[in-house]
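To convert, take the position in the sequence shown, counting from 1, and add 3; that gives the numbering used here.
The beta-carbon is built from N, C-alpha and C at its ideal position, and this holds for glycine as well.
The structure under discussion appears below in the form of structure tokens.
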Amino acid sequence: MVPSELLTYLRKLNNADKLYVIQVLVSELAQKEEDLIKENQSYPVWSPYDAFEAADVMLKVLEDSKSKQ
4 MVPSELLTYL
14 RKLNNADKLY
24 VIQVLVSELA
34 QKEEDLIKEN
44 QSYPVWSPYD
54 AFEAADVMLK
64 VLEDSKSKQ
């Protein structure tokens, strides 16, 4: 099946089926990756704590939406 035909078929699926297809494909890709996560190594993880700039942006967007109403 060519990619365009596949995409046409996938777009006809309901949301639950689309999410299932995504889950299966991502799971298969992750299983094929050997060096995805290495032992005894730390990885940075983003956290919303102390994200003051993001909070300011979100507050500004909220205030703008309230003023438009």
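Local conformation of residue i per DSSP, three classes
i          : result
residue 42 : coil
residue 53 : coil
residue 66 : helix
residue 60 : helix
Straight-line Cα distance separating residue j from residue i
i          : j          : result
residue 28 : residue 63 : 38 Å
residue 11 : residue 22 : 16 Å
residue 51 : residue 44 : 23 Å
Contact under 8 Å by Cβ, residue i with residue j
i          : j          : result
residue 24 : residue 13 : yes
Item to check | Start-end ranges of the alpha helix (DSSP H) lying completely within the segment 4 to 35, minimum 4 residues | outcome: 6 to 14, 18 to 35, all fully within the segment 4 to 35.
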